[in-house]
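Step one of this worksheet: look at the structure below.
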Amino acid sequence: MEVLNEQYGRDGRLSFAATPQGLIFAEISNAWCRGRVYLQGGHVTDYQPLGQAPVLWTSSASLYHPDKAIRGGIPVCWPWFGNHPSDPAQPAHGFARTALWNLVATSHNSQDETVITLSLNDSPQTHAIWPHPFSLTLTIVFGTSLRLLLAMKNSSASPLTLSCALHSYFRVADWQTCRIHGLDGVDYLDKVEGYARKTQSGKVTFEQETDRIYLIPYAACRIEIPERGRDFQIRQQGSTATVVWNPGPIKASAMADMIGEEYREMVCVETAIAPQTPVVLQPGATHVLAAEIMVIQNN
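This is how it looks when you write it as structure tokens:
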């Protein structure tokens, strides 16, 4: 830990520590915000602009254990989203969210925002799950907004078919009073109803389990939170879909890492490349999936 802080720490604005279970994380405290990102999974769990409430939601029952996914924040789902396309024994949402990423660089830009760069490359461990050479680079900017850029390179000699997501969990006052703007008129697949294809009419609202794949590339969505006088703006690049999810009371009650009525405090609006609209990456090619999250004050 001392070596990490000596090489990558930034004069009180960026430091490294570990959980009792041994998960290493970077703690950010700059002129704009506070934040946290874990090296396991390249997983951002916290983003809080100064003087404001937290933006991201993380379950109080999250298991901060090696090789276990953290419930909340922004998991990186890659190289597949949801269940494996052919092998149900493989982990849901791929392996990137539980793999140990490499710390490449840390810096502060001209606006005093904190920039962290992580990488993940193929290895014997990944080949046992997915036998393809690849290179991932995740750049995270904590500042006036939260920005994540996931660059995925096909290092193999054959095309790769990929689905993935920046699976962002947002903290809301109440799931039934928040509204999602920006998807009116967009077709979506309703997973709760066997992937029935439907068309969104008006704002997205929540009354029960919701699991939808909105078939819109490069979406710009806004989460309205009337009780708190602020909205969350999500801008996407490189996406083919927007996933909207809340487990609802029945499914949440069966989840070991979500307790009580925590499901009422969160909604997921995910920047995704859906399995139904994948990206085919040619040998040597790179695709970038990016999301920017910004708080808009309404009072």
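Just so you know, we're using the working numbering here: the sequence shown kicks off at 1 and counts up by one.
All C-beta atoms in this analysis are idealised placements derived from N, C-alpha and C, irrespective of residue type, glycine included.
Computed from a predicted model, the values in this text were never measured in an experiment.
Residue burial classification, P131 (beta-carbon count within 10 angstroms, cutoff 16): Mapped onto the sequence shown, residue 131 falls at position 131. Under this definition P131 is an exposed residue.
From this set, W57, H84, Q236 and N83, which residue's C-alpha is nearest R71's C-alpha? Against the sequence shown, residue 71 aligns to sequence position 71. Comparing Cα-Cα distances from R71 to each of W57, H84, Q236 and N83, the minimum goes to W57.
Rounded to the nearest angstrom, what separates A159 and K191 at their Cα positions? Numbered from 1 along the sequence shown, position 159 holds the residue referred to as residue 159. Numbered from 1 along the sequence shown, position 191 holds the residue referred to as residue 191. The sequence given here has Pro at residue 159, not Ala. In a straight line, the C-alpha of P159 is about 28 Å away from that of K191.
Below 7 Å between beta carbons: does that hold for G25 and R13? Walking along the sequence shown from the start, residue 25 turns up at place 25. Walking along the sequence shown from the start, residue 13 turns up at place 13. The identity of residue 25 in the sequence shown is Phe, whereas the question assumes Gly. In this structure, R13 does not lie closer than 7 Å to F25 by Cβ.
For T286, does the count of other Cβ atoms within 10 angstroms reach 16, so buried, or fall short, so exposed? Within the sequence shown, residue 286 is the residue found at index 286, counting from 1. Looking at its Cβ environment, which holds fewer than 16 other Cβ atoms inside 10 Å, T286 is exposed.
Would you call the stretch 31-49 and the stretch 240-250 touching, i.e. three or more CB-CB distances under 8 Å? no
Please check the pair F81 and H65, which I expect to be a contact at CB under 8 Å, by giving their CB distance rounded to whole angstroms. Along the sequence shown, one-based indexing puts residue 81 at 81. Along the sequence shown, one-based indexing puts residue 65 at 65. At roughly 23 Å, the Cβ-Cβ gap does not stay under 8 Å, so F81 and H65 are not in contact.
Which residues mark the beginning and the end of the alpha helix (DSSP H) in which T126 is found? Here residue 126 refers to the residue found at position 126 when the sequence shown is read from its first residue. Counting along the chain, the alpha helix (DSSP H) containing T126 begins and ends at P124 to H127.
Excluding sequence positions up to five away, which residues of its chain have a Cβ less than 6 Å from the Cβ of V141? Along the sequence shown, read from residue 1 onward, the residue named residue 141 stands at position 141. If we look at V141 and ignore the five residues flanking it on each side, its Cβ neighbours are E113, V115 and R147.
Cβ neighbours of N83 in the same chain (closer than 7 Å, five flanking residues each side left out): Here residue 83 corresponds to residue number 83 of the sequence shown, with the count starting at 1. Result list for N83: A92, in chain order.
The alpha helix (DSSP H) that contains I250, what's its start and end? Residue 250 sits at position 250 when you count from the first residue of the sequence shown. Where I250 is concerned, the enclosing alpha helix (DSSP H) stretches over G248 to S253.
Distance, A272 Cα to S59 Cα: In the sequence shown, counting from the first residue as 1, residue 59 sits at position 59. In the sequence shown, counting from the first residue as 1, residue 272 sits at position 272. So the alpha carbons of these two residues sit roughly 22 Å apart.
Which word fits Y218, buried or exposed, when buried means at least 16 other C-beta atoms lie within 10 angstroms of its C-beta? If you number the sequence shown from 1, residue 218 lands on position 218. Y218 should be labelled exposed.
Rounded straight-line distance, which links the Cα of L100 to that of T106: For this step, residue 106 is matched to residue 106 along the sequence shown. For this step, residue 100 is matched to residue 100 along the sequence shown. Looking at the two C-alpha atoms, the distance is approximately 17 Å.
Mapping DSSP to helix, strand and coil, what is P226? Residue numbering aside, residue 226 sits at position 226 when the sequence shown is read from its first letter. Reduced to three states, the DSSP call for P226 is helix.
Apart from the five residues on each side of it in sequence, which residues of its chain come closer than 6 Å, Cβ to Cβ, to V186? To locate residue 186, count along the sequence shown from 1; it is residue 186. Excluding positions up to five away in sequence, the list reads Q200, Y214 and I216.
Under 7 Å Cβ to Cβ from S15, same chain only, skipping five residues before and after it: list those, please. On the sequence shown, position 15 is the one that residue 15 refers to. Around S15: N5, G9 and E27.
Report yes if the CB atom of R235 is closer than 7 Å to the CB atom of E193, and no otherwise. Here the question's residue 235 lines up with position 235 in the sequence shown. Here the question's residue 193 lines up with position 193 in the sequence shown. Result no, Cβ atoms of R235 and E193 do not sit closer than 7 Å.
Which complete alpha helix (DSSP H) runs does the stretch 122-165 hold, if anything under 4 residues is left out? 124-127
Compare the Cα-Cα distances from Y263 to each of F206, R230 and I180 and report the closest residue. Here residue 263 refers to the residue found at position 263 when the sequence shown is read from its first residue. Check the Cα spacing between Y263 and each of F206, R230 and I180: the tightest is with F206.
Below-7 Å beta-carbon distance, E227 vs any chain D residue: No chain D appears in this structure, which consists of one protein chain only.
Output the distance between the C-alpha atoms of M152 and V288, rounded to the nearest integer angstrom. Locating residue 152 in the sequence shown gives position 152, where the first residue counts as 1. Locating residue 288 in the sequence shown gives position 288, where the first residue counts as 1. Each residue's Cα considered, the two are about 6 Å apart.
Short Cβ contact (7 Å threshold) for D184 with G202: The residue you call residue 184 lines up with position 184 of the sequence shown. The residue you call residue 202 lines up with position 202 of the sequence shown. Yes, the pair counts as a contact, with Cβ atoms nearer than the cut-off.
Measuring straight from C-alpha to C-alpha, what distance separates M294 and F232? The sequence position of residue 294 within the sequence shown is 294, counting from 1. The sequence position of residue 232 within the sequence shown is 232, counting from 1. C-alpha separation (whole angstroms): 6 Å.
Can you check DSSP and say which residues form a bridge with I180? For the purposes of this step, residue 180 is identified with residue 180 of the sequence shown, where counting begins at 1. DSSP lists V204 and I223 as partners of I180.
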